[in-house]
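These protein sequence lines are chains A and B, in that order. For the record, in the first sequence the residue sitting at position 241 is 815 according to my numbering, with numbers rising by one throughout. For the record, in the second sequence the residue sitting at position 197 is 198 according to my numbering, with numbers rising by one throughout. Don't be surprised by glycine CBs; every beta carbon is placed ideally from N, CA and C. Keep in mind it's a predicted model, so treat the numbers as computed, not measured. Shown next, in structure tokens, is the structure this report addresses.
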Amino acid sequence: MGGYILKRLLAAIPVILGITVIVFLIMSLIPGDPATAILGSYATPENVEKLNRDLGLDKPLVSQYFIWLGNMVQGDFGRSFSLNRPVLDEVLERFGATLILAGTSLVLCSIFGILAGVISASRQYGLADKAITFVVLIGISIPSFFLGMMMILLFAVKLRWLPVSGMYAIYGGGDLPDLLRHLAMPAIALAVVATGVIARLSRSAMLEVLRQDFIRTARAKGVKENRVVWRHALKAAMVSIIPVIGVQAGFVLSGAVYIETVFQWPGVGRMLVTAILTRDILLVQGGVVIVAACYVLFNLAVDVAQSLLDPRVKI
Amino acid sequence: MTILPMTRRTVSALALAAMTASMGLPALAQTPPGVLVVGQIAEPKSLDPHAVTAVNDFRILMNVYDGLVRYKSGTLEVEPALAESWEISEDGTEYTFTLREGVAFHDGTPLTAEAVKFNFDRMLDESHPFHDTGPFPLSFFFSAIETTEAVDERTVKFTLNAPYAPFLSNLAYPTGLIVSPAAVEQYGADFGRNPAGTGPFKFAEWRSNEAVVIENNPDYWDGAAELEAVVYRPITDANTRTAEMLAGGIDLMVEVPPNALSEFEGDAYTVHEQAGPHVWFLILNAKEGPFADVKVRQAANYAINKQAIVENVLEGTAAVAAGPTPPAFAWAYNETLEPYPYDPEKAKELIAEAGVEGAELTFYVTEGGSGMLDPVPMGTAIQADLEAVGFDVKIETYEWNTFLGEVNPGLEGKADMAEMAWMTNDPDTLPFLALRTEAWPDKGGFNSGYYSNPKVDELLEAARISTDQDERAALYQEMQEIVQEDAPWVFVANWKQNAVTAAGVEGFELQPSFFLLLDGVSKN
Chain A
575 MGGYILKRLL AAIPVILGIT VIVFLIMSLI PGDPATAILG SYATPENVEK LNRDLGLDKP
635 LVSQYFIWLG NMVQGDFGRS FSLNRPVLDE VLERFGATLI LAGTSLVLCS IFGILAGVIS
695 ASRQYGLADK AITFVVLIGI SIPSFFLGMM MILLFAVKLR WLPVSGMYAI YGGGDLPDLL
755 RHLAMPAIAL AVVATGVIAR LSRSAMLEVL RQDFIRTARA KGVKENRVVW RHALKAAMVS
815 IIPVIGVQAG FVLSGAVYIE TVFQWPGVGR MLVTAILTRD ILLVQGGVVI VAACYVLFNL
875 AVDVAQSLLD PRVKI
Chain B
2 MTILPMTRRT VSALALAAMT ASMGLPALAQ TPPGVLVVGQ IAEPKSLDPH AVTAVNDFRI
62 LMNVYDGLVR YKSGTLEVEP ALAESWEISE DGTEYTFTLR EGVAFHDGTP LTAEAVKFNF
122 DRMLDESHPF HDTGPFPLSF FFSAIETTEA VDERTVKFTL NAPYAPFLSN LAYPTGLIVS
182 PAAVEQYGAD FGRNPAGTGP FKFAEWRSNE AVVIENNPDY WDGAAELEAV VYRPITDANT
242 RTAEMLAGGI DLMVEVPPNA LSEFEGDAYT VHEQAGPHVW FLILNAKEGP FADVKVRQAA
302 NYAINKQAIV ENVLEGTAAV AAGPTPPAFA WAYNETLEPY PYDPEKAKEL IAEAGVEGAE
362 LTFYVTEGGS GMLDPVPMGT AIQADLEAVG FDVKIETYEW NTFLGEVNPG LEGKADMAEM
422 AWMTNDPDTL PFLALRTEAW PDKGGFNSGY YSNPKVDELL EAARISTDQD ERAALYQEMQ
482 EIVQEDAPWV FVANWKQNAV TAAGVEGFEL QPSFFLLLDG VSKN
């Protein structure tokens, strides 16, 4: 297993490098440059040229890339010109916030998705199944940013139970209850769609398992129905549910871009959008490397978890 | 078969838990008295005034730093600030400032002529030891400076390479704010995160993407401010900013979207409005195509219903523009100018005279951008008006940076017209950079429509050299009349900046400079 993990990690390096080359090329191909973005209406050719020189962007593209790569390997991600601070500081700070948000959402959507799926499956075509299916379909169909805005209007503006935006209160905040209050709405808004997807797929996975012989045997032996559903069947169904959660993790991370904007969450998604608009190539590269590494690691973790659950999967 | 045992007991336990949880929540979103929380539109780039270009950053900087001069409240005329007086040599190339006595930076070091010299040398002299703490994108505001000299402790002399009338108002601009040399020496490139100035508030804390906090400076030379502190929160999404204002999470909100203004009617809020030095216009390609004929350019000005755009698209957050100079420059504005009236019949006549009925026009529209207001709906309204008088208008839409990359090098061979907006601090800037023959794109200017009138060139050159404000005013007023007649642009709108304050915030006023000045504000 250790050897497999090492091999996968090594294989991830060319993937991440390939991504940085593609991002670098795309950023260079789109019109407009950082100097134009900074100078705005004052972007005369003369001013642009001078500022690009000051920013070190007058060198040929290939050498720019290799300078960046050489520095990155040594842990130096450069300095963001739109934020005027080291890229690594910014990315790590932002990434922490995204992990809190996306991680909470992923836990929420896994718990509630599986719960809903199992209940639906164990009462197929019953009232609970129909009600859950109805709610789940609504959840899948609502755009998360719209749901976020509606939640703000209700819980923050009308009822004043929760703060509108941000991660911590400006005054007297900073502790865990404060974080949870700020986290509640964005985490739920982000989790809703993924919950629906996981619920639908858990339901069908469970239905398939519940029809199998070993379930009938368990019931025949007099095992309590609760135990049959939650222990015997769910464990077998998890083998097909876990990869779905792995895929949803990707959706949750990309959905965080909208949710972070609506709730002003200081995460990496919002940072990337701003960085692209200001043509802040170093910040884009730094953010992409971290996000790509995260995808790769998470997929690896999913594969490992699957092999642990299913003796038929050999790695 | 009970999956989740939903007995009456569990239900009531859950309900009780939910109730205690909601009662246990503290009173939310009440900002403390004496502390003003401002909703900003973005995270600042830096708090080094020489390194930034965005109005959003200026809103913080103008409260932390002072310049040698500043705009008199409610106007765009300069008055003394850190300099208590100044003299200009006969030929307009030497400016000698006498500094106020006893002013200290927030880090305790005194304001001296050497400190002022340090500021300008850092920006302009590539061999200065701290020039690498930049880049300084707007340093060309001061490119006329040849030398800065500390004559004695309190006297500083600037020698210009040629007379340059906008010099004083450029000094009142954020790029002219004076930073503490000791702090720059201490923090180097990180000065922008550890700023020290002389202003009414001193820097306290910057929590990335959450807040910038500035605190009262009790020793301020112009009388201490009333607020204990100001907190700037970056809230990029306009809807979220509006929700924060309604929920009481911020006390002051700038750039309220037109469609959200109705939320703030009533006693709990005050809506502020102030026209500024902004003009929104269409650049017309005067070099080729139908707009090479002045009659067709005038026809476009008659054909577009500016009043409808200002009232319906912008919901009253702008006024119809009459010419190239915004009325906010009261001293230089030509009061006699009347905007081109909406007269499609007259437009059709002019188009027929020029013989370009049904001409096809390519129209560059941007999706957004600094000062561009609501460019897509405005562009669509303009397209409809021009089609109503017989043109065939084809819109091409670009993201802002791409748009600038297409428009600034000139419209020749690509388009007949393009949207554009400028905010400036001196009546010289925009016409000098965008209407002179010498400012055609190939010569490094912004005259992307290739307008050329030797008389206008002459007036603008003369106005730049004169140091007498009345003389400059007369020259600008004549220029505006000619330019309106020549119609190199369609003059569309002058933006009125708006802001909302919560009840309890007193003494707040928007400035025509679009700067946010908070030293006279109080909050109970």
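Status (buried if at least 16 other CB within 10 Å, exposed otherwise) for residue i
i                            : result
isoleucine 896 of chain A    : This structure cannot settle anything about residue 896 of chain A, because the visible part of chain A is limited to 575 through 889.
aspartate 417 of chain B     : buried
alanine 30 of chain B        : Residue placement at alanine 30 of chain B is flagged as unreliable, the pLDDT there being 49, under the threshold of 50; a coordinate-derived value is accordingly withheld.
glycine 677 of chain A       : exposed
phenylalanine 533 of chain A : Here chain A comprises residues numbered 575 to 889, so residue 533 of chain A is not present and cannot be evaluated.
tyrosine 530 of chain B      : Nothing can be reported for residue 530 of chain B, as the shown portion of chain B is limited to 2 through 525.
proline 737 of chain A       : buried
glutamate 245 of chain B     : buried
valine 272 of chain B        : exposed
aspartate 429 of chain B     : buried
glutamine 187 of chain B     : exposed
valine 858 of chain A        : buried
leucine 711 of chain A       : exposed
phenylalanine 708 of chain A : exposed
glutamine 308 of chain B     : exposed
glutamine 512 of chain B     : buried
asparagine 210 of chain B    : buried
alanine 585 of chain A       : exposed
glycine 224 of chain B       : exposed
proline 6 of chain B         : Low local confidence applies: a pLDDT of 47 at proline 6 of chain B is under 50, so the model's placement there is unreliable, with the coordinate-based value given in what follows. Burial call: exposed.
valine 699 of chain A        : The sequence shown places tyrosine at residue 699 of chain A, rather than the valine named in the question. Burial call: exposed.
glutamate 664 of chain A     : buried
CB-CB length for residue i against residue j, believed under 8 Å
i                         : j                            : result
asparagine 448 of chain B : alanine 322 of chain B       : With a Cβ gap of about 18 Å, asparagine 448 of chain B and alanine 322 of chain B do not count as contacting.
alanine 849 of chain A    : asparagine 402 of chain B    : 13 Å between Cβ atoms; not a contact.
threonine 149 of chain B  : phenylalanine 121 of chain B : 4 Å
leucine 461 of chain B    : phenylalanine 433 of chain B : 5 Å
arginine 101 of chain B   : glutamate 78 of chain B      : Not quite, the Cβ-Cβ distance comes to about 19 Å (not below 8 Å), so this is no contact.
threonine 94 of chain B   : threonine 160 of chain B     : 6 Å
alanine 690 of chain A    : isoleucine 706 of chain A    : 5 Å
glutamine 41 of chain B   : tyrosine 303 of chain B      : Not quite, the Cβ-Cβ distance comes to about 40 Å (not below 8 Å), so this is no contact.
histidine 806 of chain A  : alanine 792 of chain A       : 5 Å
alanine 166 of chain B    : serine 467 of chain B        : 6 Å
valine 767 of chain A     : isoleucine 714 of chain A    : 6 Å
Any chain D beta carbon closer than 8 Å to residue i
i                        : result
threonine 149 of chain B : Included in the structure are the protein chains A and B, with no chain D among them.
For the structure I just gave you, are there three or more beta carbon pairs, one from the segment 36-54 of chain B and one from the segment 224-233 of chain B, closer than 8 Å? yes
Could you run through the segment 849-864 of chain A and flag, in chain order, every residue whose CB is less than 7 Å away from some CB of chain B? Near chain B, meaning a CB-to-CB distance below 7 Å, the residues of the segment 849-864 of chain A are Arg853.
At least 3 beta-carbon pairs within less than 8 Å: the segment 61-81 of chain B vs the segment 45-52 of chain B: yes
Which residue spans inside the segment 24-81 of chain B form an unbroken beta strand (DSSP E) run of at least 3? Note on the segment 24-81 of chain B: whole beta strand (DSSP E) runs with a minimum of 3 residues are 36-41, 70-72, 79-81, in chain order.
Can you list, in chain order, the residues of the segment 178-212 of chain B whose Cβ is nearer than 7 Å to any Cβ on chain A? Gly193, Arg194, Ser209, Asn210, Glu211, Ala212
Are there three or more Cβ pairs, one per stretch, closer than 8 Å when the segment 484-491 of chain B is compared with the segment 277-295 of chain B? Result yes; three or more Cβ-Cβ pairs closer than 8 Å.
If you measure beta-carbon to beta-carbon, which residues of the segment 41-58 of chain B are closer than 7 Å to chain A? Within the segment 41-58 of chain B, the residues whose Cβ lies closer than 7 Å to some Cβ of chain A are Lys46, Ser47, Ala52, Thr54, listed in chain order.
Of all the residues that make up the segment 790-824 of chain A, which are near chain B by a beta-carbon distance shorter than 8 Å? Glu799, Asn800, Val803
Positions along the segment 240-253 of chain B whose CB lies within less than 7 Å of some CB in chain A: Asn240, Thr241, Ala244, Glu245, Leu247, Ala248, Gly250
Using a Cβ distance threshold of 8 Å, determine whether the segment 815-824 of chain A contacts the segment 790-800 of chain A, with at least three qualifying pairs required. With a cut-off of 8 Å, the segment 790-800 of chain A and the segment 815-824 of chain A do not count as touching, because too few Cβ pairs lie within range.
With contact counted as at least three CB pairs below 8 Å, one residue from each stretch, are the segment 866-874 of chain A and the segment 750-763 of chain A in contact? Note that the segment 866-874 of chain A does not touch the segment 750-763 of chain A; fewer than 3 beta-carbon pairs, one per stretch, sit closer than 8 Å.
For the segment 361-375 of chain B and the segment 418-425 of chain B, state whether three or more C-beta atom pairs, one from each stretch, are separated by less than 8 Å. yes
Give the residues from the segment 390-411 of chain B that approach chain A closer than 7 Å (Cβ to any Cβ), ordered along the chain. Listed in sequence order: Asn402, Thr403, Leu405, Gly406, Asn409.
Between the segment 64-86 of chain B and chain A, which residues of the former have a C-beta closer than 9 Å to a C-beta of the latter? none
Can you list the alpha helix (DSSP H) stretches of 4 or more residues lying completely in the segment 398-451 of chain B, in chain order? 401-408, 430-435
List in chain order: all unbroken alpha helix (DSSP H) runs of 4+ residues lying wholly within the segment 807-862 of chain A. Counting only runs that start and end inside the segment 807-862 of chain A, the alpha helix (DSSP H) elements of at least 4 residues fall at 808-836, 842-851.
Tell me whether the segment 332-349 of chain B and the segment 387-396 of chain B touch, counting them as touching only if at least three CB pairs, one residue from each stretch, are closer than 8 Å. yes
Would you call the segment 351-371 of chain B and the segment 403-417 of chain B in contact, with 3 or more CB pairs under 8 Å? yes
Can you confirm whether the segment 800-814 of chain A touches the segment 716-731 of chain A when touching is taken to mean that 3 or more C-beta pairs between the two stretches lie within less than 8 Å? no
Of all the alpha helix (DSSP H) runs that stay within the bounds of the segment 460-509 of chain B, which reach a length of 4 or more residues? 470-487
Mind listing which residues of the segment 276-302 of chain B have their C-beta closer than 7 Å to chain A's C-betas, in chain order? none
Below 7 Å between beta carbons is the criterion; list the residues of the segment 620-650 of chain A that meet it against any residue of chain B, in chain order. Glu620, Asn621, Leu625, Asp628, Leu629
What residues from the segment 719-740 of chain A come within 8 Å of chain B, judged by C-beta to C-beta, listed N to C? Met723, Ile726, Leu727, Ala730, Val731, Arg734, Trp735, Leu736, Pro737, Val738, Ser739, Gly740
Could you pull out every unbroken beta strand (DSSP E) segment of at least 3 residues lying fully inside the segment 122-168 of chain B, listed in chain order? 146-153, 156-161
Segments of 3+ residues assigned as beta strand (DSSP E) that fall wholly inside the segment 206-294 of chain B: Within the segment 206-294 of chain B, the complete beta strand (DSSP E) runs of at least 3 residues are 212-217, 230-235, 253-255, 270-276, 279-285.
Residues from the segment 754-784 of chain A in contact with chain B, defined by Cβ distance under 9 Å: Listed in sequence order: Arg755.
Below 8 Å, can you find three or more Cβ-Cβ pairs linking the segment 251-268 of chain B to the segment 498-511 of chain B? The segment 251-268 of chain B, when compared against the segment 498-511 of chain B, does touch it at the 8 Å Cβ threshold.
Residues of the segment 423-434 of chain B in Cβ contact with chain A at a cutoff of 7 Å, in chain order, please. Of all residues in the segment 423-434 of chain B, Trp423 have a Cβ within less than 7 Å of some Cβ in chain A.
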